[in-house]
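Chemist: Below is a structure I'd like to ask you about.
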Amino acid sequence: MMQTIWQPNSAVQAQLAALKPYLAKNVRIDNGPINDRVHALLAAGGKFLRPGFFYLFSQFGDDQDPTRLRAGAAAMEMLHVATLIHDDVIDQSPERRNVTTIHQDYGQRNAIYAGDLLFTCYFDQVLIAAKTANDVKVNTAAMRAILQGELDQMAHNFNPQTTVNDYLTVARGKTARLFSLSCEQGAHLANAPLAVVTLAKKIGEKMGLAYQMLDDVLDYAGDEALTHKPVLTDLRDGVYSLPLIYALRATPQLADQLPMPGDPVDNDQLLLIRDQVIVSGGVTRAQALATRYTQDALDLIDQLPTGETQQTLRRLVTQLLVRNH
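Okay, so the sequence shown: first residue is 483 according to the numbering used here, each after it adds one.
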């Protein structure tokens, strides 16, 4: 998937290829089996969206210090993977990126500690990449927003009164903040003009929100064979994402069918709720809002300096909206 997305931009593709061994070299956990599992997760790579957009926005700058940029890109992926490890514990996910999750084999405590250690690796890279102390503060603030977004989500679990605004607040912290940080830091650390850095931050947020919305659409309407993760996990765990929020607006009585904490939940019950969410227009409306935020991102991209990088950004953002995994 990484190659499919990034290959048309050969510079980013080459930088991401070099980033993998760098990540392996700079993540060390003094527990052999867990270290191996974290390295397998890093090597699996996913889409490498955050470091990829970091590198892409760095092309708008005139300071192409490879050491600083590589550390900055690595920091984005380390922070992302650390949050994924913690998410997997919370969600009790059995697999991530086709790799068995750490908690599945080694327990929740070891998984949490592994995620915490990755946070320290992240700050090691931030210190290498930073030009000033303010760069560290920007990263600290972003990490705080991401963790607050996770806590905000848990505060709304199993709450059928969750609103679209509640959802957007969570998504801005949990997902969009890291996209925003990656785009902003790529431009900033490469010494791009301030106007470009400001646009990069805004584009990252719009793009991150659209990405999260589409993820939530795929949780209801996706094909597990393509997404490589089970559908309806949010519904099972009491996370009421955008399609369900819209469905509850249209069909309030659907709330009576939602599982409550501790309820036994079978797959047939989840599939029945999914069908009602789709019939009520929840998926369609969520997709429409994702389209709106994607268009907002494209409109902001049009304000960037014209050229190949701008056009690559337009293509990638559009491609992410129509993805099926």
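Note that beta-carbon positions come from the ideal geometry of N, C-alpha and C, so glycine has one too.
Distance, Cα to Cα, A564 vs D570?
Modeler: 10 Å
Chemist: Is V581 helix, strand or coil by DSSP?
Modeler: strand
Chemist: Starting from the Cα of S723, find the closest Cα among D587, G543, Q801 and D648 and give me that residue.
Modeler: D648
Chemist: Out of curiosity, what's the CA-to-CA distance linking A707 and A555?
Modeler: Legend: pLDDT at A707 = 49, less than 50; position of this residue unreliable, value from coordinates given subsequently. Cα-Cα distance, rounded: 30 Å.
Chemist: If T776 sits next to L803, beta carbons under 8 Å apart, how far is it from one beta carbon to the other, in whole angstroms?
Modeler: 5 Å
Chemist: Under three-state DSSP, which class holds I783?
Modeler: helix
Chemist: To the nearest angstrom, report how far apart G764 and L752 are at their CA atoms.
Modeler: 15 Å
Chemist: Applying the criterion that 16 or more other CB atoms from any shown protein chain within 10 Å of the CB defines a buried residue, is R654 buried or exposed?
Modeler: buried
Chemist: Would you say V646 and Y728 are within 9 Å of each other, going by their C-beta atoms?
Modeler: yes
Chemist: Would DSSP call K683 helix, strand or coil?
Modeler: helix
Chemist: Is F542 near A672, with beta carbons less than 9 Å apart?
Modeler: yes
Chemist: Measure from the alpha carbon of L524 to the alpha carbon of each residue in N513, S540 and P503, then state which is nearest.
Modeler: The option with the nearest alpha carbon to L524 is P503.
Chemist: Output needed for L795: all residues of its chain with C-beta closer than 6 Å, excluding positions within five of it in sequence on either side, in chain order.
Modeler: Within the same chain, L795 has close Cβ partners I783.
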